[in-house]
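Residue numbering for the sequence shown follows my numbering, starting at 516 and increasing by one per position.
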Amino acid sequence: MIRHQDLDDPKTREVIVIGGGIAGLSAAIYLGRAQRDTLVIDSGHSMAKWEPTVENYLGFADGVAGEQLLKNGRRQAKRHEVVFANDEIKSVSSGKSHFVLKGKNKTYRTKRLLLATGIFHLPPEIPGVKECLGHSMFFCKDCDGYRVRGKRIAIIGANNEAIEYALGMLHYSACVIVATNGKKPRWDKRHAEWLAEYEIPIERRPIRDVEHRRRKIRALDFADGSCLKIDYLFTTRGDIFHNRLAKKLGAKLDSEGEITVDQCMRTSVPRLYAAGCVTPANCQMIIAAGQGAAAAQAINRDLFEESLATHSLQRFREAQLADEKTIPECTDKVSGRRSRRK
Ligand SMILES: Cc1cc2nc3c(=O)[nH]c(=O)nc-3n(C[C@H](O)[C@H](O)[C@H](O)COP(=O)(O)OP(=O)(O)OC[C@H]3O[C@@H](n4cnc5c(N)ncnc54)[C@H](O)[C@@H]3O)c2cc1C
516 MIRHQDLDDP KTREVIVIGG GIAGLSAAIY LGRAQRDTLV IDSGHSMAKW
566 EPTVENYLGF ADGVAGEQLL KNGRRQAKRH EVVFANDEIK SVSSGKSHFV
616 LKGKNKTYRT KRLLLATGIF HLPPEIPGVK ECLGHSMFFC KDCDGYRVRG
666 KRIAIIGANN EAIEYALGML HYSACVIVAT NGKKPRWDKR HAEWLAEYEI
716 PIERRPIRDV EHRRRKIRAL DFADGSCLKI DYLFTTRGDI FHNRLAKKLG
766 AKLDSEGEIT VDQCMRTSVP RLYAAGCVTP ANCQMIIAAG QGAAAAQAIN
816 RDLFEESLAT HSLQRFREAQ LADEKTIPEC TDKVSGRRSR RK
């Protein structure tokens with residue numbers, strides 16, 4: 516079967532996806548099935564790896580490990596001839612009709628570029644926290660609130676967001692405190708009033724470390740030698756958006772650093788798309804997957820329209836007409852004899 520890429524410049528891919536996490540893999544599956552020549556370049560740090568049991572992804576009633584979801588996605592994309600490269604893209608530039616990407620290992624060229632580079636949730640800088648990430652130290656109410664129902668919960672933070680987080684957690688547990696870790700509170704008057712109204716305790720002492728056993732938090736140990744028994748920690752320290760490449764290409768970002776996209780995941784730069792947590796969408800796997808799919812569909816449509824405008828679809832058709840059977844065979848129903856129409 517003739518494929519578009521057989522007729523194109525072999526050095527330039529139709530699509531490159533930077534990021535082989537949830538959004539990138541979902542896009543890759545759609546692009547592969549759309550018969551687009553697709554390369555996924557991934558440095559291997561998907562946040563999905565941090566989640567041992569994803570409980571809110573459609574179709575996995577008993578939960579699924581984030582790592583397994585990535586493995587399944589990669590296998591599914593490979594079935595549709597998507598190619599993968601383990602590399603980290605360090606810089607990118609834009610030509611008239613293509614992008615040039617410089618990775619640690621290689622240089623790549625592509626007609627369309629999808630950034631699915633994700634974000635990094637900053638954990639609190641408290642000894643013992645890192646070991647508990649995804650097990651008893653969380654970042655997201657929507658992902659993990661349900662699994663901590665009725666437990667003793669501390670929210671680390673000293674701003675309005677921490678207070679709103681604590682208020683939101685009351686749906687899941689009666690035992691919620693805010694721990695400022697010795698920082699001066701930065702919440703405003705309205706949030707201070709809510710704290711008082713809902714009688715949420717504040718713990719202001721500096722935290723020396725988090726006591727844990729087999730990744731399960733047991734207590735916050737304070738600098739003064741005392742401790743507070745808790746089961747789970749949440750934090751609101753903020754995120755680092757992997758937007759460097761988007762910035763380099765001059766794409767519009769919002770005030771937090773998320774890449775601005777339209778409904779089809781187009782950025783403000785022609786031929787450049789973004790999907791997943793690096794956009795303003797809520798950082799959830801199923802949303803990242805949906806955005807990846809939406810981006811892939813838009814890219815496929817865009818390439819199709821380009822192939823009409825540049826007449827490359829015509830070249831493709833000419834090759835089909837020359838080399839392939841283009842009219843279905845006709846069977847004579849009465850005799851069962853086959854006749855070939857041409
Ligand atoms: C502890 C924890 C628990 C979570 N639990 C849940 C949960 O239960 N349910 C849920 O819905 N969500 C959960 N999430 C959020 C979920 O992980 C994200 O929503 C999801 O991974 C976002 O997908 P993404 O494709 O946008 O980014 P990611 O999956 O993070 O993928 C981004 C990929 O891009 C790659 N990359 C970045 N820059 C480059 C570059 N320059 N070159 C090459 N590759 C690059 C990275 O290596 C990475 O593989 C959790 C997150 C954390 C941290």
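Glycine residues also receive a C-beta, built at the ideal position from the N, C-alpha and C atoms. These numbers were taken from a predicted model, which means no experiment stands behind them.
Not one heavy atom of ligand 1 sits closer than 6 Å to the Cβ of Val530. Taken in chain order, the unbroken stretches of alpha helix (DSSP H) that lie wholly in the region 764 to 838 and span 4 residues or more are 800 to 824, 827 to 838.
Here the region 624 to 635 makes no contact with the region 712 to 727; the two share fewer than three CB pairs at distances below 8 Å. Excluding the 5 residues flanking it on each side, Glu718 has same chain C-beta neighbours closer than 6 Å at Ile692, Ala694, in chain order. Taking one beta carbon from each stretch, the region 541 to 552 and the region 615 to 624 have fewer than 3 pairs nearer than 8 Å; the two do not touch. Under the three-state reduction of DSSP, Cys658 is assigned to helix. Shown here for Leu735: same chain residues with a beta carbon closer than 7 Å to its own, the five before and five after excluded, namely Ala669, Ala694, Ile722, Val725, Cys742, Leu743, Ile745 in chain order.
For His613, the shortest C-beta to heavy atom distance toward ligand 1 is 6 Å or greater. Between Arg528 and Asp552, the CB-CB gap stays under 7 Å. Residue state for Arg730 is assigned as coil, using DSSP reduced to three classes. Between Ile814 and Arg627, the beta carbon gap of about 5 Å places them in contact (Cβ cut-off 8 Å). For the pair Ala580 and Gln806, the CB atoms are not nearer than the 7 Å cut-off. DSSP, read as helix, strand or coil, puts Ser651 in coil. Selection Arg752, Leu682, Gly618, Ser770 evaluated against Met652 yields Arg752 as nearest (Cα-Cα). Arg594: member of the alpha helix (DSSP H) spanning 581 to 594, first to last residue.
According to the DSSP assignment, Ile842 belongs to no alpha helix (DSSP H), since it is labelled neither H nor E. Of all C-beta pairs linking the region 682 to 692 to the region 752 to 766, fewer than three are shorter than 8 Å, placing the two stretches out of contact. Between the beta-carbon of Thr794 and that of Glu773 there is about 6 Å, and that keeps the pair under the 8 Å contact cut.
Taken through DSSP and simplified to helix, strand or coil, Asn675 comes out as helix.
Scanning Ser609, Leu616, Lys611, Ser612 for the CA closest to the CA of Ala600 turns up Leu616.
Around Lys731, the same chain offers Ser651 as residues with beta carbons nearer than 6 Å, after the five sequence neighbours per side are excluded. One thing to note: Ala808 has its Cβ within 7 Å of the Cβ of Ser541.
The criterion of a C-beta distance shorter than 7 Å is satisfied by Tyr747 and Val663. Membership of Ser608 in the beta strand (DSSP E) is indicated by the continuous run 604 to 609. Judged by beta-carbon spacing, Gly649 lies within the 7 Å limit of Pro567, meaning their Cβ atoms are closer than that value. Assignment of Ile641 by DSSP, reduced to helix, strand and coil, places it in the coil class. Comparing C-alpha distances from Asn587 to each of Ser609, Ala543, Pro785 shows the shortest one belongs to Ala543. Between Pro639 and Ile671, the C-beta spacing is below 7 Å. Secondary structure of Tyr623 (DSSP, three-state): strand. With respect to the 7 Å criterion, Ser608 and Leu585 are not classified as neighbours on the basis of their beta carbons. Distances from the alpha-carbon of Gly534 to those of Lys619, Ile604, Asp657 put Ile604 closest. Ile537: member of the alpha helix (DSSP H) spanning 537 to 548, first to last residue. Ranked by Cα distance from Arg701, the options Arg720, Pro716, Ala677, Leu682 are led by Ala677.
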